[in-house]
Amino acid sequence: MKNNDARSAQELRQQIDAARVPVHVAVIMDGNGRWAEQQGNDRISGHLHGVQPIREALTAATEAGVKYLTLYAFSTENWNRPKAEVDALMELLVRTIAGEVDELDRNGVRLHAIGDLDSLPQGCRTALKQAMDRTARNGRITLTLALSYSSRWDILRMVRGIATDIREHRLDLHAVNEQLIGQRLSTNGLPCPDLLIRTSGEQRISNFLLWEIAYAELWFTPVLWPDFRKQHLFQAILDYQRRERRYGLTSEQLPAS
Ligand code: FPP
0 MKNNDARSAQ ELRQQIDAAR VPVHVAVIMD GNGRWAEQQG NDRISGHLHG
50 VQPIREALTA ATEAGVKYLT LYAFSTENWN RPKAEVDALM ELLVRTIAGE
100 VDELDRNGVR LHAIGDLDSL PQGCRTALKQ AMDRTARNGR ITLTLALSYS
150 SRWDILRMVR GIATDIREHR LDLHAVNEQL IGQRLSTNGL PCPDLLIRTS
200 GEQRISNFLL WEIAYAELWF TPVLWPDFRK QHLFQAILDY QRRERRYGLT
250 SEQLPAS
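If you want it as structure tokens, here you go:
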């Protein structure tokens with residue numbers, strides 16, 4: 000089975016047009032709890048099995064030439080889950096980041112994080128900072144973890160910042176445009192996602208990158224996150240490459256590709 004998976008991943012990868020690879024892929028990793036329940040285990044076991052798919056998605060993205068991979072790892076709303084689950088997720092985060100940093104660095108991955116990072120436990124902040132500092136100069140791919148993140152949290156923060164600057168005469172109302180808004184969001188410096196993937200069969204955005212995905216292509220799969228493998232990312236990219244991105248124009252107006 001494993002060999003078959005590897006072969007099919009390899010075959011799919013070879014079909015990818017290297018000239019039209021999405022620059023930024025964002026992923027809503029969903030279905031850990033349902034996967035665990037199907038196995039007769041507790042939800043936490045689903046999260047533990049959610050780490051290997053992250054390695055697979057990152058490897059596949061790097062192999063395909065994706066430059067930015069952003070993962071929705073913990074939402075603002077996830078704080079309301081049972082304490083044992085939140086604690087287990089935070090512990091897993093620390094353990095995973097500390098355990099993977101050498102490998103990330105060796106592979107040219109820059110680790111980045113967005114969200115209300117100050118709300119994370121101290122151990123988590125320290126592990127993140129150390130890994131981000133260590134990998135800051137890498138440029139093969141940027142792996143962004145959205146942690147204690149929600150788009151409405153980010154937009155609210157951005158609006159308050161702009162309103163305060165206008166009130167205190169540091170900013171002119173007429174200088175507020177799409178570019179400035181982008182610069183004031185926590186995703187500043189990341190290009191907008193070209194492709195958004197959600198696993199587990201749910202077809203919604205759940206407060207993720209609402210401003211940034213204005214023109215992203217959406218790809219939904221019934222695969223539960225712990226079952227996500229390299230070939231799924233390659234399938235998503237191939238599907239993306241079959242689509243026509245018109246940005247409000249007509250087909251005829253688009254430059255020939
Ligand atoms: C969604 O599944 C998953 C999460 C809320 C957490 C994602 C965490 C991981 C993949 C593990 C570790 C992450 C890092 C960055 C080390 P769910 O619990 O909502 O599943 P359900 O919808 O089936 O209940």
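In terms of numbering that gives the first Met the number 0, the sequence shown has 13 at position 14, counting the first letter as 1, and numbering is strictly consecutive. By construction, the Cβ of each residue, glycine as well, lies at the ideal position given by its N, Cα and C atoms. The model shown is predicted, which means the values in this text are computed figures rather than measured ones.
Exercise. Locate the beta strand (DSSP E) running through residue 216, then write down its first and last residues.
Key: As a first step, residue 216 is located in the sequence shown; it is residue number 217 there, counting from the start. Start and end: 216-219.
Self-check item: Those runs of the alpha helix (DSSP H) which lie wholly inside the segment 34-63 and span at least 4 residues
Solution: 42-47 and 50-63
Self-check item: heavy atom of the ligand FPP below 7 Å from residue 31 C-beta
Solution: For the purposes of this step, residue 31 is identified with residue 32 of the sequence shown, where counting begins at 1. Yes, the beta carbon of residue 31 sits closer than 7 Å to at least one heavy atom of the ligand FPP.
Self-check item: Residue interval of the beta strand (DSSP E) (run including residue 199)
Solution: Here residue 199 refers to the residue found at position 200 when the sequence shown is read from its first residue. That residue, residue 199, is in no beta strand (DSSP E); it is neither H nor E in DSSP.
Quiz item: Where do the N-terminal and C-terminal ends of the beta strand (DSSP E) with residue 124 fall, by residue?
Solution: Counting from 1 along the sequence shown, the entry for residue 124 is found at position 125. Run containing residue 124: none in the beta strand (DSSP E); it sits in the alpha helix (DSSP H), 121-134.
Exercise. Would you kindly report the start and end of the unbroken alpha helix (DSSP H) that includes residue 231?
Key: Sequence index remark: in the sequence shown, residue 231 carries index 232 (1-based). That run of the alpha helix (DSSP H) goes 229-240.
Quiz item: In whole angstroms, what separates the C-alpha of residue 209 from that of residue 39?
Solution: Counting from 1 along the sequence shown, the entry for residue 209 is found at position 210. Counting from 1 along the sequence shown, the entry for residue 39 is found at position 40. Taking the straight line joining both Cα atoms gives about 35 Å.
Quiz prompt | Check: residue 3 C-beta below 7 Å from any heavy atom of the ligand FPP | solution = One-based indexing of the sequence shown puts residue 3 at position 4. Checking the Cβ of residue 3 against the ligand FPP gives no.
Quiz item: What residue range is occupied by the uninterrupted beta strand (DSSP E) comprising residue 88?
Solution: For the purposes of this step, residue 88 is taken as the residue at position 89 of the sequence shown. That residue, residue 88, is in no beta strand (DSSP E); its alpha helix (DSSP H) goes 82-105.
Quiz item: From this set, 245, 132, 226 and 194, which residue's C-alpha is nearest residue 55's C-alpha?
Solution: Indexing the sequence shown from 1 puts residue 55 at position 56. Out of 245, 132, 226 and 194, 226 has the C-alpha closest to the C-alpha of residue 55.
Quiz item: Going by Cα to Cα distance, which pick from 52, 182, 142 and 19 is closest to residue 153?
Solution: For the purposes of this step, residue 153 is identified with residue 154 of the sequence shown, where counting begins at 1. The option with the nearest alpha carbon to residue 153 is 182.
Self-check item: Straight-line Cα distance separating residue 28 from residue 80
Solution: Mapped onto the sequence shown, residue 80 falls at position 81. Mapped onto the sequence shown, residue 28 falls at position 29. Each residue's alpha carbon lies about 16 Å from the other.
Quiz prompt | residue 75 - containing alpha helix (DSSP H), residue span | solution = Counted from its first residue, the sequence shown places residue 75 at position 76. Run containing residue 75: none; DSSP gives neither H nor E here.
Quiz item: Near residue 34, what residues of its chain come up, given a Cβ to Cβ distance below 8 Å and the 5 sequence neighbours on each side ignored?
Solution: Reading the sequence shown from its first residue, position 35 is the one you call residue 34. Once the five neighbours on either side are set aside, the close Cβ partners of residue 34 are 45, 48, 223, 224, 225 and 226.
Practice problem: Decide yes or no for the touch test of the segment 132-142 against the segment 105-117: beta carbon pairs closer than 8 Å, at least 3 of them. | Solution: yes
Quiz item: Do you know how far the Cα of residue 180 is from the Cα of residue 166?
Solution: Walking along the sequence shown from the start, residue 166 turns up at place 167. Walking along the sequence shown from the start, residue 180 turns up at place 181. Distance between the alpha carbons of residue 166 and residue 180 is about 17 Å.
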